[in-house]
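For reference, the structure is listed below as structure tokens.
Numbering (the numbering used here), first residue to last: 43 to 195.
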């Protein structure tokens, strides 16, 4: 499994970095995971930030990517449904599964338009740094489900 995670912004808190590193370590034996950090833009105008970030995000996406954006208005899936979605993706196409987590300002429409699937983890808003940990935990959970490992209850 080839999975790419494109994220905007750096992790500032060491406890989040530790959690991210732990989940990456757990995922690596089951999937080829590539995390790409995009610089968060800090202009006074959020629409300008989103446009500049979008250029950087889109430059890291190829025609061989199946793009899933994490959006509050996307479709909510259970952990089992997410694992099934990933499994079906790899059964029926050979594209790189590319997930995108936007910045504190969100995500530009050009990135949303490139998305093949919009996924929501909740109707609640999470800090984007914490969302990276939540996403990686769910990716790890999906991998363990697909590999019949004891983790998901």
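The beta-carbon is built from N, C-alpha and C at its ideal position, and this holds for glycine as well.
Where residue i falls, given that 16 or more other Cβ within 10 Å makes a residue buried
{"i": "residue 152", "result": "exposed"}
{"i": "residue 166", "result": "exposed"}
{"i": "residue 45", "result": "buried"}
{"i": "residue 87", "result": "exposed"}
{"i": "residue 110", "result": "buried"}
{"i": "residue 105", "result": "exposed"}
{"i": "residue 114", "result": "exposed"}
{"i": "residue 55", "result": "exposed"}
{"i": "residue 123", "result": "exposed"}
For residue j and residue i, believed in contact at Cβ under 8 angstroms, the rounded distance
{"i": "residue 112", "j": "residue 161", "result": "6 angstroms"}
{"i": "residue 73", "j": "residue 175", "result": "Between residue 175 and residue 73 the Cβ distance is about 17 angstroms, and since that is not below 8 angstroms, they are no contact."}
{"i": "residue 184", "j": "residue 101", "result": "No, residue 184 and residue 101 are not in contact; Cβ-Cβ is about 27 angstroms, not under 8 angstroms."}
{"i": "residue 133", "j": "residue 127", "result": "In fact, because the Cβ distance is near 11 angstroms, the residues do not count as touching under 8 angstroms."}
{"i": "residue 98", "j": "residue 81", "result": "7 angstroms"}
{"i": "residue 92", "j": "residue 51", "result": "The pair is not a contact, with the Cβ atoms about 13 angstroms apart (cut-off 8 angstroms)."}
Residues that DSSP places opposite residue i in a beta bridge
{"i": "residue 111", "result": "142, 160"}
{"i": "residue 176", "result": "Beta-bridge pairing links residue 176 to no other residue."}
{"i": "residue 79", "result": "49"}
{"i": "residue 74", "result": "44"}
Between the CA atoms of residue j and residue i - distance to the nearest angstrom
{"i": "residue 140", "j": "residue 69", "result": "15 angstroms"}
{"i": "residue 89", "j": "residue 83", "result": "10 angstroms"}
{"i": "residue 173", "j": "residue 157", "result": "18 angstroms"}
{"i": "residue 66", "j": "residue 49", "result": "14 angstroms"}
{"i": "residue 75", "j": "residue 85", "result": "31 angstroms"}
{"i": "residue 155", "j": "residue 164", "result": "21 angstroms"}
{"i": "residue 191", "j": "residue 121", "result": "14 angstroms"}
{"i": "residue 146", "j": "residue 170", "result": "6 angstroms"}
{"i": "residue 116", "j": "residue 79", "result": "22 angstroms"}
Any beta strand (DSSP E) of 3 or more consecutive residues that is wholly inside the segment 115-152:
138-143
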